[in-house]
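Enquirer: This structure is in structure tokens; I'll ask about it shortly.
Residue numbers (the working numbering), protein chains in the order written: chain A, 1 to 320; chain B, 1 to 320.
See the structure below:
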């Protein structure tokens with residue numbers, strides 16, 4: 001059997017990730033615009049103050065690659081029956097919730113006491129635009145809003161799903177997840193780390209929320225243990241790959257392509273995969289992680305994993 | 001019928017709030033000590049970094065009146081069958097979760113870009129002790145941990161209860177709750193507010209989480225609509241009373257009794273009930289709110305509301 005006919009039905013190349021993403025990104029953008037709002041929530045007399053909501057919307061809307069929401073939606077589509085509109089609604093809420101957590105982490109990360117960044121996606125950062133106190137509160141409110149999105153009062157998401165999604169998101173965002181990884185990052189500037197310590201830091205800082213996105217998409221349905229295990233491996237591999245590639249791009253891409261300052265990690269004396277293993281070994285590691293992610297999807301036995309495959313490929317082969 | 005025999009069975013004085021509180025506070029303290037920890041959560045390979053957890057524990061343990069946890073537990077006891085150990089376990093998790101939200105709000109509130117306070121409960125504030133970046137992250141991680149506590153993976157809290165508690169807490173903490181109230185507070189320094197605007201600010205800033213504590217305690221069980229409505233009124237009245245009394249104490253108590261700087265609101269040119277209505281009218285308003293709270297409890301028809309009554313009395317008649 002020739003190589004051409006060995007995979008007759010599922011070449012990654014035949015899947016148009018751009019077209020797939022475009023539709024979902026528009027839906028996510030519209031949903032975020034609708035849910036990050038000053039309108040009074042159901043059951044409350046008054047909504048949020050307009051000035052706070054303005055800072056929250058500024059932090060969330062019209063920006064970013066939206067990788068985490070796409071991972072939620074791609075996993076949901078791999079796991080759930082497309083006719084199950086309830087699961088699709090839960091997945092859209094989960095997609096927006098992880099993006100709110102990601103957005104709040106950027107707002108707080110950019111503040112003067114952390115990275116002190118003044119530009120993000122070509123715009124002044126939230127604290128530059130609205131002041132530090134407002135940035136702090138907007139970040140805090142975005143985290144709470146993520147859990148509001150997961151717990152609609154209108155019965156549109158089953159309570160068991162709400163509970164599972166809240167649990168996954170809280171652990172991905174918290175002290176043994178994203179916030180914990182940021183704390184390790186903060187403490188490790190200028191320190192020599194082993195490869196194991198570097199991996200642990202990134203598993204928490206970036207990996208936990210990327211893997212959490214995958215698992216939240218999965219838990220909009222009720223997949224079995226084999227599928228969950230495989231998706232956990234997939235999420236873990238692309239979570240780590242994302243960071244390895246970030247480190248590679250920091251030395252190989254120019255600032256204009258990257259949309260942020262290239263070479264920043266090295267100049268900040270931050271430990272990176274490239275500083276630890278060198279560039280060629282880092283590139284080989286990223287390719288190995290992509291293989292692991294794709295093998296995990298094979299193992300899942302799920303029939304519709306094209307979007308997940310294409311997203312893994314995009315994470316590793318992106319240029320910015 | 002004489003005044004002495006008019007209320008033969010239910011005098012507030014016969015209920016020993018101190019003794020009731022002492023037992024519950026010890027349980028809350030022990031539970032917080034166990035749950036704010038660096039141990040790996042179930043299902044995760046690694047726990048939180050020790051330095052972050054140290055800052056989180058510093059912010060949470062051994063301090064504060066724990067009014068919010070006591071409100072959760074008192075409401076749970078008023079609503080639920082004492083033999084229902086599952087509901088009691090959910091209530092203890094809810095009690096700790098609201099305290100984590102309260103603690104994170106104090107950590108962020110004390111930061112230089114907000115109130116810039118260096119002392120809290122007689123100790124250096126978290127950012128003074130651990131640095132601003134660590135304080136920011138510890139607050140963020142405490143908020144996430146609150147939702148982790150509400151979503152245990154061991155089946156000890158029914159998923160429907162988990163979902164309801166997460167929904168209540170997210171809304172109490174978020175942009176139409178506590179964080180929203182802080183944003184209004186921030187924007188209103190030096191501005192003339194009407195009594196309605198001041199009330200709206202406090203309903204969000206302090207009231208939402210106090211009322212949320214009551215409703216979370218209630219939702220550990222499955223009370224009917226009449227009970228829920230009555231407890232909402234009770235929570236709303238004591239939430240507002242708490243703030244009115246805070247404003248009164250700011251001008252009537254000395255700093256030593258208060259444990260914080262007295263007269264601070266006036267010197268910061270913050271609008272208060274006392275600056276708006278004067279001291280006697282503020283005191284009369286606080287007593288009226290206490291009456292409203294107690295009347296709401298009468299309306300609930302619940303038989304065991306002694307702790308809730310005593311807590312309402314304590315909120316209004318406290319001296320610090």
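Even glycine gets a Cβ: it sits at the ideal position worked out from N, Cα and C.
Taking the straight line between their C-alpha atoms, what separation do you get for residue 271 of chain A and residue 210 of chain B?
Expert: Indexing the first chain from 1 puts residue 271 of chain A at position 271. Indexing the second chain from 1 puts residue 210 of chain B at position 210. Approximately 44 Å, taken between the alpha carbons.
Enquirer: So which residues of chain A does residue 28 of chain B contact, with C-beta pairs closer than 9 Å?
Expert: In the second chain, residue 28 of chain B corresponds to position 28, counting from 1. Simply none; closest approach about 20 Å.
Enquirer: Residues of chain B with a CB under 7 Å from the CB of residue 108 of chain A: which are they?
Expert: Here the question's residue 108 of chain A lines up with position 108 in the first chain. Neighbours of residue 108 of chain A on chain B, chain order: 136 and 140.
Enquirer: Pull up the CB-CB distance for residue 90 of chain B and residue 206 of chain B, whole angstroms please, since I reckon it's below 8 Å.
Expert: On the second chain, residue 90 of chain B is found 90 positions in, with the first residue counted as 1. On the second chain, residue 206 of chain B is found 206 positions in, with the first residue counted as 1. Not confirmed; about 24 Å, so no contact.
Enquirer: Look at residue 208 of chain A and residue 177 of chain A and say whether their C-beta atoms are less than 7 Å apart.
Expert: Your numbering for residue 208 of chain A matches position 208 in the first chain. Your numbering for residue 177 of chain A matches position 177 in the first chain. Yes, Cβ-Cβ distance for residue 208 of chain A and residue 177 of chain A is below 7 Å.
Enquirer: Taking only beta-carbon positions, decide if residue 223 of chain B is within less than 7 Å of chain A.
Expert: Within the second chain, numbered from 1, the residue matching residue 223 of chain B stands at position 223. By this cut-off, residue 223 of chain B is not an interface position.
Enquirer: Within the same chain, show all residues whose beta-carbon is closer than 7 Å to that of residue 318 of chain A, passing over the 5 residues directly before and after it, in chain order.
Expert: Position 318 of the first chain, counting from 1, holds the residue named residue 318 of chain A. 245.
Enquirer: Along chain A, in chain order, which residues have C-beta atoms closer than 8 Å to that of residue 56 of chain B?
Expert: Position 56 of the second chain holds residue 56 of chain B. Correct list: 175.
Enquirer: Is there a Cβ of chain A sitting closer than 7 Å to that of residue 277 of chain B, yes or no?
Expert: Along the second chain, read from residue 1 onward, the residue named residue 277 of chain B stands at position 277. No, no contact with chain A.
Enquirer: Any contact of the segment 181 to 193 of chain A with the segment 214 to 229 of chain A, i.e. 3+ C-beta pairs under 8 Å?
Expert: Result no; under three Cβ-Cβ pairs closer than 8 Å.
Enquirer: Quick one: what's got a C-beta closer than 7 Å to residue 5 of chain B's C-beta in the same chain, skipping five residues either side?
Expert: The residue labelled residue 5 of chain B in the question sits at position 5 within the second chain. Its pLDDT being 39, under 50, residue 5 of chain B is placed unreliably in this model, and the value from its coordinates should be taken loosely. Within the same chain, residue 5 of chain B has no close Cβ partners at all.
Enquirer: If we cut at 7 Å on Cβ distances, does residue 171 of chain A have a partner in chain B?
Expert: For the purposes of this step, residue 171 of chain A is taken as the residue at position 171 of the first chain. It does; some Cβ of chain B falls within 7 Å.
Enquirer: Using the Cα positions of residue 93 of chain A and residue 150 of chain A, report the straight-line distance between them to the nearest angstrom.
Expert: Within the first chain, numbered from 1, the residue matching residue 93 of chain A stands at position 93. Within the first chain, numbered from 1, the residue matching residue 150 of chain A stands at position 150. Each residue's alpha carbon lies about 6 Å from the other.
Enquirer: How would you call residue 148 of chain B, buried or exposed, if buried means at least 16 neighbouring beta carbons within 10 angstroms?
Expert: For the purposes of this step, residue 148 of chain B is taken as residue 148 along the second chain, with counting starting at 1. It is buried - the Cβ of residue 148 of chain B has at least 16 other Cβ atoms within 10 Å.
Enquirer: Could you give the uninterrupted runs of the beta strand (DSSP E) lying entirely in the segment 17 to 86 of chain A, keeping only those of 3 residues or more?
Expert: Within the segment 17 to 86 of chain A, no complete beta strand (DSSP E) run reaches 3 residues.
Enquirer: Select from B/96, B/133 and B/95 the residue whose C-alpha is nearest the C-alpha of residue 110 of chain B.
Expert: Numbered from its first residue, the second chain carries residue 110 of chain B at position 110. With distances taken between Cα atoms, residue 110 of chain B lies closest to B/133.
Enquirer: For residue 182 of chain B, go through chain A and note every residue whose CB falls closer than 7 Å to its CB, in chain order.
Expert: Locating residue 182 of chain B in the second chain gives position 182, counting from the first residue. Near residue 182 of chain B (Cβ distances below 7 Å), the residues of chain A are 137.
Enquirer: Let me make sure I understand the geometry here. Which of B/276, B/63 and B/219 has the alpha-carbon closest to that of residue 159 of chain B?
Expert: Residue numbering aside, residue 159 of chain B sits at position 159 when the second chain is read from its first letter. With distances taken between Cα atoms, residue 159 of chain B lies closest to B/219.
Enquirer: Short of 6 Å in beta carbon distance, which residues of its chain neighbour residue 127 of chain A, apart from the five on each side in sequence? Order them along the chain.
Expert: The count along the first chain starts at 1 and reaches residue 127 of chain A at position 127. Excluding residues within five positions, the ones whose Cβ falls inside 6 Å are 111 and 135.
Enquirer: In chain A, what lies closer than 7 Å to residue 147 of chain B by C-beta?
Expert: Here residue 147 of chain B is taken as the residue at index 147 of the second chain, counted from 1. The answer, in chain order, is 147, 166 and 170.
Enquirer: What do you get for residue 113 of chain A, buried or exposed, if any count of 16 or more other CB atoms within 10 angstroms of its CB means buried?
Expert: Taking the first chain and counting its residues from 1, the one referred to as residue 113 of chain A is at position 113. Per the 10 Å Cβ criterion, buried.
Enquirer: Does the CB of residue 47 of chain A have a neighbour CB from chain B at under 7 Å?
Expert: Position 47 of the first chain, counting from 1, holds the residue named residue 47 of chain A. Interface residue, yes.
Enquirer: How would you label residue 300 of chain A, buried or exposed, when you count the other beta carbons within 10 angstroms and need 16 or more for buried?
Expert: Along the first chain, one-based indexing puts residue 300 of chain A at 300. Buried, by the Cβ-count rule.
Enquirer: Ordered along the chain, which non-local residues of its own chain (more than five positions away) have a Cβ less than 7 Å from that of residue 35 of chain B?
Expert: Position 35 of the second chain, counting from 1, holds the residue named residue 35 of chain B. So the qualifying residues of the chain are 96 and 149.
Enquirer: To the nearest angstrom, how far is the alpha carbon of residue 277 of chain A from that of residue 194 of chain A?
Expert: Residue 277 of chain A sits at position 277 when you count from the first residue of the first chain. Residue 194 of chain A sits at position 194 when you count from the first residue of the first chain. In a straight line, the C-alpha of residue 277 of chain A is about 10 Å away from that of residue 194 of chain A.
Enquirer: Thinking C-alpha only, which one of A/39, A/314, A/273 and A/119 is nearest residue 175 of chain B?
Expert: As a first step, residue 175 of chain B must be located in the second chain, where it is residue number 175. Of the listed residues, the one whose Cα sits closest to residue 175 of chain B is A/39.
Enquirer: Thinking C-beta only, is residue 302 of chain B closer than 7 Å to residue 74 of chain B?
Expert: Locating residue 74 of chain B in the second chain gives position 74, where the first residue counts as 1. Locating residue 302 of chain B in the second chain gives position 302, where the first residue counts as 1. No.
Enquirer: Look up residue 123 of chain A in the DSSP assignment and give the residues it is bridged to.
Expert: Here residue 123 of chain A is taken as the residue at index 123 of the first chain, counted from 1. In the DSSP output, where bridge partners are listed per residue, residue 123 of chain A has A/120.
Enquirer: Between residue 164 of chain B and the rest of its own chain, which residues show a CB-CB distance below 6 Å, the 5 nearest in sequence each way excluded?
Expert: Residue 164 of chain B sits at position 164 when you count from the first residue of the second chain. Closer than 6 Å at Cβ, skipping near neighbours: 219.
Enquirer: Nearest to residue 328 of chain B by CA position, among B/238, B/32 and B/215, is which residue?
Expert: Residue 328 of chain B cannot be examined here, being either before or after the span of chain B that is shown, 1 to 320.
Enquirer: Please give me, in chain order, every unbroken run of the alpha helix (DSSP H) with length at least 4 that falls completely inside the segment 106 to 165 of chain B.
Expert: If we require 4 residues or more, the alpha helix (DSSP H) runs fully inside the segment 106 to 165 of chain B come out as 126 to 130 and 132 to 149.
Enquirer: According to DSSP, simplified to helix, strand and coil, what is residue 227 of chain A?
Expert: Reading the first chain from its first residue, position 227 is the one you call residue 227 of chain A. Here residue 227 of chain A sits in helix by DSSP.
Enquirer: Going by C-alpha distance, which of A/51, A/201, A/153 and A/58 is nearest residue 29 of chain A?
Expert: The residue you call residue 29 of chain A lines up with position 29 of the first chain. Nearest of A/51, A/201, A/153 and A/58 to residue 29 of chain A, Cα basis: A/58.
Enquirer: When the distance is taken between beta carbons, is residue 107 of chain B closer than 7 Å to residue 139 of chain B?
Expert: On the second chain, residue 139 of chain B is found 139 positions in, with the first residue counted as 1. On the second chain, residue 107 of chain B is found 107 positions in, with the first residue counted as 1. Yes, the pair counts as a contact, with Cβ atoms nearer than the cut-off.
Enquirer: For the alpha helix (DSSP H) containing residue 286 of chain B, list its first residue and its last residue.
Expert: Indexing the second chain from 1 puts residue 286 of chain B at position 286. 279 to 300 is the span of the alpha helix (DSSP H), which, as asked, contains residue 286 of chain B.
Enquirer: If I'm right that residue 60 of chain A touches residue 100 of chain A with Cβ under 8 Å, what's the distance once you round it to whole angstroms?
Expert: As a working mapping, residue 60 of chain A is identified with position 60 in the first chain. As a working mapping, residue 100 of chain A is identified with position 100 in the first chain. Right, their Cβ atoms sit about 6 Å apart.
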